[in-house]
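Working notes for the structure below.
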Amino acid sequence: MTRSPEQIAADCESIYYDLEFKPARDWKAAEPGRKVVGFVPVFCPREVISAAGALAMSIVGAGDWLEVIRGDAYYQSYLCHIPRSIVELAVSNRLDFVDGMLFPSTCDVIRNLSGMWQMLKPGSFVRYVDVPQNYEPEIGGRFWEGELRILAAEIGKLTGVAVTDDSLRESIRIWNENRAAVDEMYLLRRDRPDLAPTSEVYVVLRAGNVMDPASHTKLIREYIATARTSKRAAVDSSRVVIVGAFCEQPPLALIKTIERSGCFIVDDDFLLVSRWYTAPVAETGDPFKALANAFVKHTIPTAVMYSPKTGRGGALIERVKTARAEGVIFAAPSFCTPALLDQPMLVDGLEKAGIPYTAFKYAENTGQFQPIREQTGTFADTMKLWSAV
Amino acid sequence: MTRTDVLKDDSQQRQKDLIGGYFTRLANAPKTGHKTVATFVPGNLTELISCFDAIPILPEINALQSGMRKLSGNYITEAERQGHSEDVCTYVKCDIGMFEGGNIGPTGEALPKPDLLLLSYTGCFTFMKWFELLREKYGTPSVMLHVPYQGQGEVTPEMRKYVVEQLERVVIPALEHTTGRKFDIDLLREKLAWSSKAEDDLVKVWESAKHRPSPIDGYFGGVYYIGPIFTAFRGTQEGAEYYALLRSEIEQRIREGRGPVTPEGEMKEEKFRLVVEGPPNWTHFRDFWKMFTDEGAVVVASTYTKVGGLYDRGFRHDPKDPLGTLADYCMGCYTNHSLPNRVDLISKYIEEYSADGFLINSVKSCASFSAGQLMILREVEKRTGRTGAFIESDLVDPRYFSAANIKNRIESYLQMLEQKRSSVAGAAR
Ligand code: SF4
Ligand code: SF4
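So the sequences go chain by chain: A and B. Add 6 to the 1-based position in the first sequence for this note's numbering, that's all there is to it. Add 1 to the 1-based position in the second sequence for this note's numbering, that's all there is to it.
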């Protein structure tokens, strides 16, 4: 039976709200000996995990539907919310089926969380993943290639499935397909946000956090096919790009609020790992080299990666133009150092280019949306007014 | 001892002269033709920079100096007015505000714009954004030295090779390009030998706090001791001479059984020995210090004084392996260590320095230090059996220093230590 886009989105929404991570648990239970390797935002070499036969599970916090009780005891009030909800998930045993954890070098909070995890779960598989901030293939590329080889050997030991060149190439192919499907869904939303609104696209994308990549690709393709041909009432909204929400995720209700206030979100940086490379990873040749090369050459511009040249706003202006957006909404988690330190540079670029913007902060457990609705609503109206002049 | 007596200490005068001289040299750089290279304290490559006859600019030092001179509040407000978030590190905002206000340094002279931003990316994410922001502002080129974090608690050969390669192929060429000078590895070796000598003496100074009474305060007093080695004087003869002098003065204090010098004079009775984790507050530095001295509490070891190098754990700059040693140095700074390593270090300090307790000053600005400190508190308590204290403040934002609260916390903590001590003594009788 074919599902409507609304049905697909509703099913994905239940995955979104499921803090027992049933799809991942089911995947693990389907065959004896299967392992799950979790990772936190914003990046993870998922190809390596899959090549070792494990499920790469993206853990992005617990949103606004888990009361953080013990997690708060680990963090001061002036730090962002995501680490405390991840800790809450861990100490409430919701992640007890996860066999290993990777912590990328996103920021100091995530970095230090890797050490906390080592103390919280002594003896478990915990790895800090330092990605290169030098983009010379012969320097940063080579370092990253070496790190990937070490990681592959370690995860292979954990799963009992050694990563071979062939298995890694196959994994690269599967993840390339997944990224291609994600890109296609993003393109559909860019061109027809009335048919594929972000509140749906987001949950479809997010379902991939707990699914194997091939099944997720199938799900995205199903959504694209049905959304493309769906009949929906035309809406007149302003086209905006969301920036700053790459790690701690805004609650779904916040995304819906922005849409209801009169905005089509036509580009964003949610769940960045799912669109990390701007070009497919090479599927032939040495697969470790291919991944390293992709990282140093085709990483999507983001606040957590060093930008070697002046003009931080340039990439954002490009995105705004490509998405035919009328303005930018800076939506950053409170106390998010990467997003909030990046913002003035991006604002500077936008101001020079005459692109309107508005900014607010949120937490994954934000419950009050009225002020944001008013702010983005006014912003949408202003943009319409400007474009009418 | 009076405040005037304190100033008579030879090493203190020498320290003041060195730092003052450094700022004057920096201010005069446009006239003298010296190039200036901005970099950060953790992982600073002072010896390398000075091989090119360039002068380092340490923006954190500028920020903390502004904090001590009560200027940081206005600088921060100015940066926030320009759109910088209230949620980010106040060092960055202080620096940006200072720039907007004419970049006046502590000696009252304007400091030059750097010719190169050497982004020694060690132990703190903010560094990266900070220099990106400055690059946008100054239009100065930046060069990245990515220093891998000791996430698994160790330095691997791959990490070391990566840093050395960047030094050889990215950093040195950038310095050559900026200064127009060729790199001279033998000159670097000479400078590293001076570093190592100064480091030997500095370690003796730290370790002097194992004596009772401790002749130094390893945190409040310690930040003065690290001044030269964290700024422009590592790798110099003057720097080495300063540390030799400091060491001899401290050794003299040990022989005389004297306590540390504080702004209120010499501490007469050492009642509590503490270890402190986290940076101090700079806007109320003296008031903060006084809260400890009033109670007879001396800090025998601190982690903040190790952000520019953990020399007391054995590291020395090694002239025999000039670039390898710089890589090891960068990777070994305190905030580049994993949390379990930090717990381990604090616990060892408590044991080795016979501390009665430990205190964490958690600063709002600094996720690098602060994220995980509540867990550090519990782990160290578990490991050592000592109860810790936890206070919150900020580095250079005066709005986040609540003197009454902090004083209260410190007093009740010390009372608690006192009670514990009496009950142990009572039980032993
Ligand atoms: S929300 Fe920002 S500060 Fe918090 S963990 Fe994520 S990237 Fe780091
Ligand atoms: S975040 Fe901490 S380590 Fe980084 S610049 Fe600020 S005070 Fe220094």
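C-beta: ideal position from N, C-alpha, C; glycine also.
I need the straight-line Cα distance from T294/B to F294/A, nearest angstrom please. In the second sequence, the residue the question calls residue 294/B occupies position 293. In the first sequence, the residue the question calls residue 294/A occupies position 288. Within the model, the alpha-carbon separation for T294/B versus F294/A is close to 58 Å.
Is there at least one Cβ from chain A nearer than 9 Å to G325/B's Cβ? For this step, residue 325/B is matched to residue 324 along the second sequence. No, because no Cβ of chain A sits closer than 9 Å to the Cβ of G325/B.
Can you confirm whether F385/A, when its beta carbon is compared against all beta carbons of chain B, has any partner nearer than 9 Å? Within the first sequence, numbered from 1, the residue matching residue 385/A stands at position 379. F385/A does not count as touching chain B.
Note down, in chain order, every chain B residue with its Cβ under 8 Å from the Cβ of C50/A. The sequence position of residue 50/A within the first sequence is 44, counting from 1. Within chain B, no residue comes near C50/A; the closest Cβ sits about 14 Å away, beyond 8 Å.
Who are the Cβ neighbours of S369/B in its own chain at under 8 Å, not counting the five residues just before and after it? Position 368 of the second sequence holds residue 369/B. Taking C-beta separations shorter than 8 Å and ignoring five residues to either side along the sequence, the partners of S369/B in its chain run G124, C125, F126, T127 and T336, following chain order.
C-beta neighbour in chain A for C90/B, strict 9 Å: What you label residue 90/B is simply residue 89 of the second sequence in a count that begins at 1. Using a Cβ-Cβ cut-off of 9 Å, C90/B counts as an interface residue toward chain A, since at least one Cβ of chain A sits closer than that to its own.
Spatial neighbours of W195/B in its chain, beta-carbon cut-off 7 Å, leaving aside the 5 residues before and after: The residue given as residue 195/B occupies position 194 in the second sequence. Within the same chain, W195/B has close Cβ partners G236, T237, Q238, G240 and A241.
Could you check if A96/A belongs to the surroundings of ligand 1, using beta carbon to heavy atom distance under 8 Å? Translated into positions along the first sequence, residue 96/A becomes position 90. The answer is no for A96/A.
Looking only at its own chain, which residues have a Cβ that is under 6 Å from the Cβ of M292/B, when we skip the five neighbours before and after it? For the purposes of this step, residue 292/B is taken as residue 291 along the second sequence, with counting starting at 1. In the same chain as M292/B, and ignoring 5 residues on each side of it, the C-beta atoms closer than 6 Å to its own belong to K408 and I411, in chain order.
If you measure from the CB of A321/A, is any heavy atom of ligand 2 nearer than 8 Å? Translated into the one-based positions of the first sequence, residue 321/A becomes position 315. Outside the cutoff, so no.
How about Q253/B: is its C-beta nearer than 9 Å to some C-beta of chain A? Looking up residue 253/B in the second sequence gives position 252. No, its Cβ sits nowhere closer than 9 Å to a Cβ of chain A.
Nearest candidate by alpha-carbon position, reference A35/A, set I21/A, A16/A, L61/A and Y23/A: By 1-based counting over the first sequence, the position of residue 35/A is 29. Closest by C-alpha distance to A35/A, out of I21/A, A16/A, L61/A and Y23/A, is L61/A.
Any beta carbon of chain A sitting closer than 9 Å to that of T284/B? Position 283 of the second sequence, counting from 1, holds the residue named residue 284/B. No, because no Cβ of chain A sits closer than 9 Å to the Cβ of T284/B.
What residue from D273/A, N184/A and V48/A has the CA that sits closest to E324/A's CA? On the first sequence, residue 324/A is found 318 positions in, with the first residue counted as 1. Ranked by Cα distance from E324/A, the options D273/A, N184/A and V48/A are led by D273/A.
Below-9 Å beta-carbon distance, K365/B vs any chain A residue: Within the second sequence, numbered from 1, the residue matching residue 365/B stands at position 364. Closer than 9 Å to some Cβ of chain A, the Cβ of K365/B qualifies, so yes.
Taking 8 Å as the line, does the beta carbon of C86/A fall inside it for any heavy atom of ligand 4? Ligands present in the displayed structure are limited to ligand 1 and ligand 2, and ligand 4 is not among them.
Considering only their Cβ atoms, is the gap separating V207/A from M191/A smaller than 9 Å? Numbered from 1 along the first sequence, position 185 holds the residue referred to as residue 191/A. Numbered from 1 along the first sequence, position 201 holds the residue referred to as residue 207/A. Their beta carbons are under 9 Å apart, which means M191/A touches V207/A by this criterion.
Same chain, Cβ closer than 6 Å to A300/A, neighbours up to 5 away in sequence not counted: As a working note, residue 300/A is residue 294 in the first sequence. Hits under 6 Å: Y283 and V287.
Starting from F231/B, follow the alpha helix (DSSP H) in both directions and report where the run begins and ends. Counting from one through the second sequence, the residue named residue 231/B turns up at place 230. Counting along the chain, the alpha helix (DSSP H) containing F231/B begins and ends at G223 to F231.
For F131/A, which residues in the same chain have their Cβ closer than 6 Å to its Cβ, ignoring the five residues on either side in sequence? One-based indexing of the first sequence puts residue 131/A at position 125. The residues are G106 and L164.
Which residues in chain A have a C-beta closer than 7 Å to the C-beta of M69/B? List them in chain order. For the purposes of this step, residue 69/B is taken as residue 68 along the second sequence, with counting starting at 1. Within 7 Å Cβ-Cβ: nothing; M69/B doesn't reach chain A, min ~23 Å.
Would you say C253/A reaches chain B, if we count a Cβ-Cβ gap shorter than 9 Å as a contact? In the first sequence, the residue the question calls residue 253/A occupies position 247. Chain B contact via Cβ: absent.
Inter-residue Cα distance where the pair is P280/B and V364/B: To locate residue 280/B, count along the second sequence from 1; it is residue 279. To locate residue 364/B, count along the second sequence from 1; it is residue 363. So the alpha carbons of these two residues sit roughly 7 Å apart.
Determine, for I173/B, whether the minimum Cβ-Cβ distance to residues of chain A falls below 9 Å. If you number the second sequence from 1, residue 173/B lands on position 172. At a cut-off of 9 Å between C-beta atoms, I173/B does not count as an interface residue with respect to chain A.
Please look up how many angstroms separate the CB atoms of V397/B and G389/B, rounded, as I've assumed it's under 8 Å. Taking the first residue of the second sequence as position 1, residue 397/B is located at position 396. Taking the first residue of the second sequence as position 1, residue 389/B is located at position 388. In fact, because the Cβ distance is near 25 Å, the residues do not count as touching under 8 Å.
Does any residue of chain B bring its CB to less than 9 Å from the CB of M389/A? Your numbering for residue 389/A matches position 383 in the first sequence. No, no contact with chain B.
Tell me whether I361/B sits in a helix, a strand or coil according to DSSP, three-state version. In the second sequence, residue 361/B corresponds to position 360, counting from 1. If DSSP states are grouped into helix, strand and coil, I361/B belongs with the strands.
In whole angstroms, what separates the C-alpha of Y330/B from that of K307/B? Taking the first residue of the second sequence as position 1, residue 330/B is located at position 329. Taking the first residue of the second sequence as position 1, residue 307/B is located at position 306. Distance between the alpha carbons of Y330/B and K307/B: 11 Å.
So, does the CB of A328/B fall closer than 9 Å to a CB anywhere in chain A? As a first step, residue 328/B is located in the second sequence; it is residue number 327 there, counting from the start. Not closer than 9 Å to any Cβ of chain A, the Cβ of A328/B fails to qualify, so no.
Whole runs of the beta strand (DSSP E) within the segment 29–68 of chain A, excluding any shorter than 3 residues: 42–45 and 61–64
Any idea which residues DSSP pairs D273/A with across the strands? One-based indexing of the first sequence puts residue 273/A at position 267. DSSP output for D273/A lists V247/A as bridge partner(s).
Report yes or no: do the segment 254–263 of chain B and the segment 309–328 of chain B share at least 3 C-beta pairs separated by less than 8 Å? no
With the cut-off set at 9 Å, would you say A298/A and L154/A are in Cβ contact? Position 292 of the first sequence, counting from 1, holds the residue named residue 298/A. Position 148 of the first sequence, counting from 1, holds the residue named residue 154/A. Closer than 9 Å, so yes.
Just to confirm before moving on: does the CB-CB distance between V353/A and F336/A stay below 9 Å? Looking up residue 353/A in the first sequence gives position 347. Looking up residue 336/A in the first sequence gives position 330. At a Cβ-Cβ threshold of 9 Å, V353/A and F336/A count as neighbours.
I'd like to know whether the C-beta atoms of G68/B and W283/B end up nearer to each other than 9 Å. As a position in the second sequence, residue 68/B is number 67, starting the count at 1. As a position in the second sequence, residue 283/B is number 282, starting the count at 1. Result yes, Cβ atoms of G68/B and W283/B sit closer than 9 Å.
Could you tell me whether any non-hydrogen atom of ligand 2 is closer than 8 Å to the CB of T127/B? Here the question's residue 127/B lines up with position 126 in the second sequence. Yes, ligand 2 has a heavy atom inside 8 Å of this Cβ.
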